[in-house]
Structure formats: structure tokens, C-alpha cells
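Engineer: Per the numbering used here, the very first residue in the sequence shown carries number 788; after that it's consecutive.
Even for Gly, the Cβ is constructed at its ideal location relative to N, Cα and C.
The structure's right below; bear with me while I get my questions together.
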Amino acid sequence: EAWFKWTPVESAALTTEAIEALLAERATARKAKDFKTSDRIRDDLAAQGVVIEDGPQGATWRRG
């Protein structure tokens, strides 16, 4: 799975496509109630300066 192979890089090098792919993996994990994986992806993105905001329509993100 993409999230398993992903390693943190500089925030500027983290592409929009990479962020979107990780958010899709996170959404799949959340749907499966795999909160350990979901939280790890969120924490990895946060470490790279990506802020995730969960809402009723799903997650949105921004560079923080």
C-alpha cells in the first residue's frame, strides 16, 4: 500500500498528488475503522506541515 511505502520528505517536495493519495488511504483506513493507520497517516502529514480538517463532507487539507 502507498501509505506503507511512503517516507517523509521536505514539505515543499510533498506534491499535491502525494497528499491526495495519502488522504485517500487515510479515508479507506477510517472507513475500515483502522484508526491506528489513519492516525499515523495524519501524524506523518502533520509532521510535513499538512493540516487535515475532518468534516461531514470528508477531509480537507492545507499546508500549515
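Could you have a look at residue 824 and say whether DSSP puts it in helix, strand or coil?
Structural biologist: Stepping through the sequence shown from its first residue, residue 824 is reached at position 37. The answer is helix: DSSP assigns residue 824 an H, G or I state.
Engineer: Whose CA, out of 838, 835, 810, lies closest to the CA of residue 825?
Structural biologist: As a working mapping, residue 825 is identified with position 38 in the sequence shown. That would be 810, whose Cα lies nearest to the Cα of residue 825.
Engineer: Taking just the CA atoms, how far does residue 813 sit from residue 828?
Structural biologist: By one-based count along the sequence shown, residue 828 stands at place 41. By one-based count along the sequence shown, residue 813 stands at place 26. Distance between the alpha carbons of residue 828 and residue 813 is about 6 Å.
Engineer: Apart from the five residues just before and just after residue 845, which ones in its own chain have a Cβ nearer than 8 Å to its Cβ?
Structural biologist: What you label residue 845 is simply residue 58 of the sequence shown in a count that begins at 1. So the list reads 814, once near-sequence residues are dropped.
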